[in-house]
Amino acid sequence: MKNSILLFKSTQPSTLESVRILRQSLSKVLDHLDIKADIKQYCLLCCSEWCTNIIHHSTPLSNDITVSFRKAKKKWLLIIKDSGGIWNPLSQQTTFNINTNILKGSGYGLHIINTLADETYYQSLPSHNIFTIVWERDTHRIKPHILLVEDQKSQRELFYSYIKDIFTVSLVNNGKQALAFLKNEPVDLIISDIKMPKMNGIELRQELEKIKIFSIPFIFLSHSEDETILNDAVNLGIDDYLKKPIKKEQLLNSIHRVLARFNQVFHAISQQVNQKITDTLLPQINLNSKHWQLAFQQRNTGRGGGDFVLSTRNNGVIQLLIADVMGHDESAKFFSYAYAGYIRGLMQNTNLTQPALLLTKLSNNAYKDQLLSQTMITGCCLSFINSNTIILSCAGHPYPMHIHHKRLYPVKVEGTLPGLLPHTEYETSSITLKKNERLILLTDGLFESGNTITERETLERAIKKHLVITANLPLNVALDKIMQVFDSLAGTPPNDDALLLIIEKK
Numbered sequence: 001m002k003n004s005i006l007l008f009k010s011t012q013p014s015t016l017e018s019v020r021i022l023r024q025s026l027s028k029v030l031d032h033l034d035i036k037a038d039i040k041q042y043c044l045l046c047c048s049e050w051c052t053n054i055i056h057h058s059t060p061l062s063n064d065i066t067v068s069f070r071k072a073k074k075k076w077l078l079i080i081k082d083s084g085g086i087w088n089p090l091s092q093q094t095t096f097n098i099n100t101n102i103l104k105g106s107g108y109g110l111h112i113i114n115t116l117a118d119e120t121y122y123q124s125l126p127s128h129n130i131f132t133i134v135w136e137r138d139t140h141r142i143k144p145h146i147l148l149v150e151d152q153k154s155q156r157e158l159f160y161s162y163i164k165d166i167f168t169v170s171l172v173n174n175g176k177q178a179l180a181f182l183k184n185e186p187v188d189l190i191i192s193d194i195k196m197p198k199m200n201g202i203e204l205r206q207e208l209e210k211i212k213i214f215s216i217p218f219i220f221l222s223h224s225e226d227e228t229i230l231n232d233a234v235n236l237g238i239d240d241y242l243k244k245p246i247k248k249e250q251l252l253n254s255i256h257r258v259l260a261r262f263n264q265v266f267h268a269i270s271q272q273v274n275q276k277i278t279d280t281l282l283p284q285i286n287l288n289s290k291h292w293q294l295a296f297q298q299r300n301t302g303r304g305g306g307d308f309v310l311s312t313r314n315n316g317v318i319q320l321l322i323a324d325v326m327g328h329d330e331s332a333k334f335f336s337y338a339y340a341g342y343i344r345g346l347m348q349n350t351n352l353t354q355p356a357l358l359l360t361k362l363s364n365n366a367y368k369d370q371l372l373s374q375t376m377i378t379g380c381c382l383s384f385i386n387s388n389t390i391i392l393s394c395a396g397h398p399y400p401m402h403i404h405h406k407r408l409y410p411v412k413v414e415g416t417l418p419g420l421l422p423h424t425e426y427e428t429s430s431i432t433l434k435k436n437e438r439l440i441l442l443t444d445g446l447f448e449s450g451n452t453i454t455e456r457e458t459l460e461r462a463i464k465k466h467l468v469i470t471a472n473l474p475l476n477v478a479l480d481k482i483m484q485v486f487d488s489l490a491g492t493p494p495n496d497d498a499l500l501l502i503i504e505k506k
């Protein structure tokens with residue numbers, strides 16, 4: 001699909017074991033994306049169903065199956081390609097036995113796929129068939145997630161009605177249910193009644209301390225006027241205590257105050273750590289070339305940031321890598337440090353004229369490394385091989401853009417996210433720049449920091465417009481003007497980390 005980013009691609013022989021491998025690898029990608037849990041499950045189920053159909057029912061048989069997953073502005077795309085016989089799922093007739101609830105005839109799971117997908121497309125070409133399954137992206141800003149623990153149904157529904165429009169809210173009846181929920185779901189705040197059957201609020205807080213989840217902000221609710229209970233709650237280090245009955249404004253004010261204070265303290269602590277290690281781990285880039293100049297700026301969400309740029313040179317060849325560690329909180333900042341140190345070592349021990357080789361090494365090692373495999377990274381690697389030519393390779397990263405004759409042209413080079421599969425290979429593309437022409441590299445936050453699709457599209461149009469109209473200005477002046485546009489539209493701090501790097505041929 002035009003203007004989409006390739007996140008995953010794998011070709012496997014047409015066997016049931018391959019279906020398992022493809023599903024497992026795809027699941028690893030989906031775990032790290034801002035994708036709804038139900039869509040993730042739909043995607044995995046549709047992948048398994050269609051790949052299994054190809055193996056069992058294609059005539060002639062397909063030699064292999066290729067599964068790709070892409071991100072577009074408004075959609076997620078699962079694309080399955082095979083080399084078998086033509087079998088258009090959109091034109092198959094299915095019959096449904098009302099007595100047995102069994103789909104018969106040529107259904108082969110098509111009812112499941114059509115039910116779970118938002119859109120489907122089928123294309124048959126001379127050499128292969130392509131089945132595309134599409135889901136809409138939820139591109140609104142992620143709301144803070146609150147767990148509400150209250151045993152009385154009327155109270156639970158009342159408090160839920162107070163906050164449901166502003167926050168994502170999950171409901172449980174008692175402390176035991178809350179503990180079970182927290183084993184699988186992260187939350188930003190817990191609001192809990194004190195007196196409940198099975199496990200009360202005090203016991204819930206104590207259990208969270210035992211399993212090291214006591215850092216989650218916590219608000220207690222209670223009718224009780226017993227000072228002993230109040231003292232017990234305060235001694236557990238809770239963030240607020242509200243006495244029932246509770247009005248809507250009172251509850252919302254407490255939530256906003258507690259979350260703001262928690263973020264303020266968390267940010268202050270992370271800043272202290274960041275200041276001590278950022279300068280040594282992420283040095284400024286100095287191209288130091290008589291043929292090229294570059295400039296870059298970045299923004300983060302105010303809680304760390306996972307975007308970075310690295311470079312090295314040897315024997316007159318310069319290699320540069322722009323990377324985006326998925327996520328935009330302190331964990332992204334931590335993993336950016338880990339990846340930056342690791343990649344710097346790889347760059348010093350890899351042929352600098354082969355950016356695809358660097359990405360292959362990064363992917364293979366991330367696949368095996370227990371720490372690096374905990375998150376995902378996108379990257380674009382460039383090698384400046386002579387006075388006017390750059391070789392590029394990308395892994396799950398937005399296309400670079402070439403400013404030529406006052407127009408922007410995408411440099412269509414792509415590859416799967418690193419670390420998903422062993423022995424991943426990447427394609428390369430070369431570009432030749434004339435004097436004063438520019439090459440643009442960015443992370444996806446530069447275009448995706450709006451709250452809605454409309455805001456994101458406005459942001460992207462404005463950034464692209466100013467990339468072109470500032471092309472005749474000095475590099476740093478142009479960069480300042482473009483990032484001023486970003487700041488004015490995306491806000492400060494933005495919703496996502498963003499980095500813009502501009503390379504110019506002298």
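If you're matching positions, the sequence shown starts at 1 in UniProt numbering and goes up one per residue. Glycine included, C-beta positions come from ideal geometry on N, C-alpha and C.
(request) Can you tell me which of the three DSSP states Asp-64 falls into? (result) DSSP places Asp-64 in the strand class (E or B) of the three-state scheme.
(request) To the nearest angstrom, report how far apart Met-196 and Asn-174 are at their CA atoms. (result) One C-alpha to the other measures close to 6 Å.
(request) Alpha carbon to alpha carbon, how far is Ile-391 from Gly-316? Give it in angstroms, no decimals. (result) Per the coordinates, the alpha-carbon of Gly-316 lies some 15 Å from the alpha-carbon of Ile-391.
(request) Out of Ile-55, Cys-43, Tyr-42, point me to the one whose CA is closest to Val-19's CA. (result) Comparing Cα-Cα distances from Val-19 to each of Ile-55, Cys-43, Tyr-42, the minimum goes to Ile-55.
(request) Look at the alpha carbon of His-405 and the alpha carbon of Ala-356, and state the distance between them as a whole number of angstroms. (result) When rounded, the distance between both Cα atoms is 29 Å.
(message) Using DSSP's beta-bridge definition, name the partner residues of Glu-504.
(response) DSSP output for Glu-504 lists Gln-293, Arg-438 as bridge partner(s).
(message) So, under 8 Å CB-CB, Phe-308 and Ala-295 are touching, yes? Tell me the CB distance rounded to an integer number of Å.
(response) Contact flag wrong, Cβ pair sits at about 15 Å.
(request) Note down the Cα distance separating Glu-17 from Ile-65, rounded to an integer number of angstroms. (result) Approximately 12 Å, taken between the alpha carbons.
(message) Going by DSSP in three states, Ala-338 sits in which element: helix, strand or coil?
(response) Three-state DSSP puts Ala-338 in a helix.
(message) Going by beta-carbon coordinates alone, are Ile-194 and Ile-219 separated by less than 7 Å?
(response) The Cβ atoms of Ile-194 and Ile-219 do not sit closer than 7 Å to each other.
(message) Closest to Leu-372 by C-alpha separation, out of Thr-353, Ile-343, Gly-396, would be which residue?
(response) When each option's Cα is compared against that of Leu-372, the closest is Ile-343.
(message) Residues in the same chain with beta-carbon distance under 7 Å from Ile-503, minus the five sequence neighbours each way, listed in chain order, please.
(response) Contacts found: Trp-292, Leu-294, Arg-438, Leu-439.
(message) Classify Thr-11: buried if its beta carbon has 16 or more other beta carbons within 10 angstroms, exposed otherwise.
(response) The residue is exposed, with fewer than 16 neighbouring Cβ atoms inside 10 Å.
(request) Would you kindly report the start and end of the unbroken alpha helix (DSSP H) that includes Ala-462? (result) Where Ala-462 is concerned, the enclosing alpha helix (DSSP H) stretches over 453-469.
(message) Going by C-alpha to C-alpha distance, which of Asp-369, Leu-158, Leu-362, Thr-428 sits closest to Cys-394?
(response) The shortest Cα separation from Cys-394 among Asp-369, Leu-158, Leu-362, Thr-428 belongs to Thr-428.
(request) Excluding the 5 residues preceding and the 5 following Leu-6 in the sequence, name in chain order all residues of the same chain whose CB lies nearer than 6 Å to its CB. (result) The residues Arg-70, Glu-414, in chain order, have a CB closer than 6 Å to that of Leu-6 in the same chain once the five nearest residues on each side in sequence are set aside.
(message) Using only the alpha-carbon positions, how far apart do Gln-354 and Lys-505 sit?
(response) So the alpha carbons of these two residues sit roughly 21 Å apart.
(message) Considering only DSSP beta bridges, list what residue 527 is partnered with.
(response) Here the chain has residues from 1 to 506 only, and residue 527 is not among them.
(request) Run through the UniProt domain "Response regulatory" (145-259) for me and flag every whole alpha helix (DSSP H) of 4 or more residues, listed as ranges in chain order. (result) If we require 4 residues or more, the alpha helix (DSSP H) runs fully inside the UniProt domain "Response regulatory" (145-259) come out as 153-163, 175-182, 201-210, 227-235.
(message) Between the alpha carbons of Ser-161 and Asp-369, how many angstroms are there, rounded?
(response) A direct Cα-to-Cα measurement between Ser-161 and Asp-369 gives close to 45 Å.
(request) Look up Gly-450 in the DSSP assignment and say whether it is helix, strand or coil. (result) In the structure shown, Gly-450 sits in coil (DSSP, three-state: anything other than H, G, I, E or B).
(message) For Ser-4, tell me which candidate among Trp-76, Lys-28, Asn-63 has the shortest Cα-Cα distance.
(response) When each option's Cα is compared against that of Ser-4, the closest is Trp-76.
(request) Report whether the distance from the Cβ of Asp-324 to the nearest heavy atom of the ligand ADP is below 6 Å. (result) With respect to small molecules bound, the structure shown includes none, and the ligand ADP cannot be examined in it.
(message) Please classify Gln-319 as buried or exposed, where buried requires at least 16 other C-beta atoms within 10 Å of its C-beta.
(response) With 16 or more other Cβ atoms within 10 Å, it is buried.
(request) Report yes if the CB atom of Pro-418 is closer than 7 Å to the CB atom of Ile-377, and no otherwise. (result) By the CB criterion at 7 Å, Pro-418 and Ile-377 fall inside the cutoff.
(request) Assuming Val-477 and Ile-403 form a contact by the criterion Cβ under 8 Å, report the distance between their Cβ atoms to the nearest whole angstrom. (result) With 8 Å as the limit, Val-477 and Ile-403 do not qualify as a contact, their Cβ atoms being about 15 Å apart.
(request) Please name the residue in Lys-74, Asn-365, Ile-216 whose C-alpha comes closest to that of Ala-260. (result) Cα-wise, what sits closest to Ala-260 is Ile-216.
(request) Taking 7 Å as the cut-off, decide whether the C-beta atoms of Asp-497 and Gly-306 are in contact. (result) A contact, by the Cβ cut-off of 7 Å.
(message) So, with DSSP's three-state summary, where would you put Pro-418?
(response) In the three-state scheme derived from DSSP, where H, G and I count as helix and E and B as strand, Pro-418 is classed as coil.
(message) Give me the DSSP bridge partner(s) of Trp-135.
(response) Paired residue(s): Trp-76.
(message) Tell me the rounded alpha-carbon separation between Ile-80 and Val-67.
(response) Going from the Cα of Ile-80 to the Cα of Val-67 covers about 5 Å.
(request) Note down the Cα distance separating Asn-129 from Thr-375, rounded to an integer number of angstroms. (result) Rounded to the nearest whole angstrom, the CA to CA distance from Asn-129 to Thr-375 is 33 Å.
(request) Apply the 10 Å Cβ neighbour rule to Ile-113 and answer buried if 16 or more other Cβ atoms are within range, or exposed otherwise. (result) Buried, because 16 or more other Cβ atoms sit within 10 Å of the Cβ of Ile-113.
(message) Please report the distance separating the alpha-carbon of Glu-150 from that of Lys-9.
(response) For Glu-150 and Lys-9, the gap between their C-alpha atoms comes out near 45 Å.
(message) Tell me the rounded alpha-carbon separation between Lys-243 and Ser-224.
(response) In a straight line, the C-alpha of Lys-243 is about 7 Å away from that of Ser-224.
(message) Counting C-beta neighbours from all protein chains within 10 Å, is the total for Val-134 16 or more, i.e. buried, or is it exposed?
(response) Counting every other CB atom within 10 Å of its CB across the protein chains shown gives Val-134 a total of 16 or more, marking it as buried.
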